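Following our numbering, the numbering of the sequence shown begins with 11 at its first residue and continues without gaps.
All residues carry an ideal CB built from backbone N, CA and C; glycine is no exception.
It should be emphasised that the depicted structure is a prediction, and the values quoted were computed from it without experimental measurement.
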Amino acid sequence: MNSGPILIALLFVLTSGLPAQAQVAVKAEVAKAGSYFDFESLPKPAINDLGAKATWKIADGRADRSSAAIAVLSDGLMPAGNDQPNQNFFFAAGTEGGLIAVDLGAVQDVSQVVTYSWHSDSRAPQVYSLYAAVGDEPDFAIPDSASALSGSKAWKKLADVDTRPAKAAQGNGAGNTARGGQHAARVADAKATLGKFRHLLFAVSATEREDAFGNTFFSEIDIVTGDPAALDRIAAPELRTIDFATVDKAYSFTIDFTQAPELREWTEKELTPIIQQWYPKIVEMFPSEGFQAIKHVRFRYLRDTEMRGIPAYASGDTISMNADWFRGQLDREARGAVVHEMVHIVQAYSGRGRRSQGYRAPPGWIVEGIPDYVRWFLYEPQTKGAMLSKKALANAKHDASYRTSANFIDWVIRNHSSDGTLVQQLNAAARQGKYSSDLWQKLTGKSEEELAEAWRSQ
Ligand SMILES: [Zn+2]
């Protein structure tokens, strides 16, 4: 039977009815909240994909000075946290991105390419175009610029990838949280492989130009041949936490030092006993009607880049501690800073009360003065950290906050609080949204201004 011509004609109709290129699709996802690269449908990063044996190089542009070497893209290891410059590859701050060239060493039937990135903000999304070449094309060369690439016929564009959230979502104020996270993008064809290639090229663009920090933190790039299900995938790292409680088990604590393993010993030996002893003490110091202090307090170390230079802060049930700052303050201010933040947790001034009618937010010098009073006058009086010389006192402002306000509160307690409940009552009023300047008159018989004047001229 001579069916040859019919078959050829049929094939011609079929292929001409389809685009000349395969049906390459890009699938982009952000990992589930709190997970370690768990995606709805995309796989966790692979360890033994083709990328692990390939040669990677920067063909155009330059790596940021804080970036890891480009080999980080194929090492099968993922970062420990959402702002780990030394565990990601990224182009230099203020630049438009660049070209990453991958040589697979031989022609391979590439089934898919998956790119992974992780950052807390605008450096999480990925914007790039993926090109491929066999390497035997007449004008084949690794391009050293965008224009060399666009002028070349050797490179075939496989896909444009853009994992940024929709423009609409960026302008509504939720943009920052929406774009952060663990991003993955897969370039694949549902019905075929991407093709047989030896060379791949990622033409990477910055994700935003509002500031210099728009270059993606790329964590890993997987290049797959054959069945992706056959590859070994990364495992979630061990979370590094210490859990402990007060002796009576009334309060419990978790310290997460995933981002600061070097602080483990100090944290266990030095910090946990202070927390065990002082958290219940602070709770006892500051009761108020109907108030229940948080029973499980979380502590976590974060890197300076994420803390934006702040040594420590408290929010809800969590105290965040700047690992880089702590490392330099272990025998100086680190312990006291934690005591200060524990007072904020107990104050709970931004808790439910805030929503009730008639709630008045206490002034900042009360909010910060009380924690510094506990810290400098009860926890570490021997350091004399909030002492003021006569000369400094003469020009001091009692509402200058922190140590100065702590000094004022201490002086009022010592001189005008016969029953010793002044700071407790200050806190109760502040927590209930009832603090006002009149309170000083009520508690001491003297106005706030009279007290401040007497304090300055003591
Ligand atoms: Zn504070």
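Check, Outcome
"Heavy atom of ligand 1 less than 7 Å from the Cβ of HIS354, yes or no?", "yes"
"Take TRP276 and list the residues in its own chain whose beta-carbon comes closer than 7 Å to its own, dropping the five residues that flank it on each side.", "LEU340"
"CA-CA distance, GLY27 and ALA222?", "Here GLY27 scores only 42 on pLDDT, less than 50, and its place in the model is too uncertain to base an answer on."
"Determine the closest residue to GLU220 out of THR105, PHE212 and ASP429, with distance taken between C-alpha atoms.", "THR105"
"Return helix, strand or coil for MET331, following the three-state DSSP convention.", "strand"
"Hey, would you say the C-beta of PRO381 is under 7 Å away from at least one heavy atom of ligand 1?", "yes"
"Helix, strand or coil for TRP375 per DSSP?", "helix"
"Could you spell out the range, first to last residue, of the alpha helix (DSSP H) harbouring VAL422?", "412-426"
"Nearest by alpha-carbon distance to ASP172: which of GLN286, THR217 and ASP131 is it?", "THR217"
"Closest by CA to ARG208, which one among HIS193, GLY346 and ALA164?", "ALA164"
"Roughly how many angstroms separate the alpha carbons of TYR141 and ARG250, rounded to a whole number?", "40 Å"
"Once DSSP output is grouped into helix, strand and coil, what is the label at ASP341?", "coil"
"How big is the Cα-Cα spacing for ALA406 and VAL293?", "30 Å"
"Within a Cβ cutoff of 8 Å, which residues of the same chain sit near ARG133, ignoring the five residues on either side of it in sequence?", "PHE100, SER127, THR217, PHE223, GLY224, ASN225, THR226 and PHE227"
"So what's GLY368 in DSSP terms, helix, strand or just coil?", "coil"
"Confirm the yes/no value for this check: CB of GLU378, any heavy atom of ligand 1, distance under 7 Å.", "yes"
"Please name the residue or residues paired with VAL356 in a DSSP beta bridge.", "Per DSSP, none; premise fails for VAL356."
"Less than 8 Å between the C-beta atoms of ILE233 and ASP59, yes or no?", "yes"
"Please classify ASN98 as buried or exposed, where buried requires at least 16 neighbouring CB atoms within 10 angstroms.", "buried"
"Please state whether DSSP places VAL40 in a helix, a strand or coil.", "strand"
"Taking all protein chains shown into account, do 16 or more other C-beta atoms lie within 10 angstroms of the C-beta of GLY107, making it buried, or fewer, making it exposed?", "buried"
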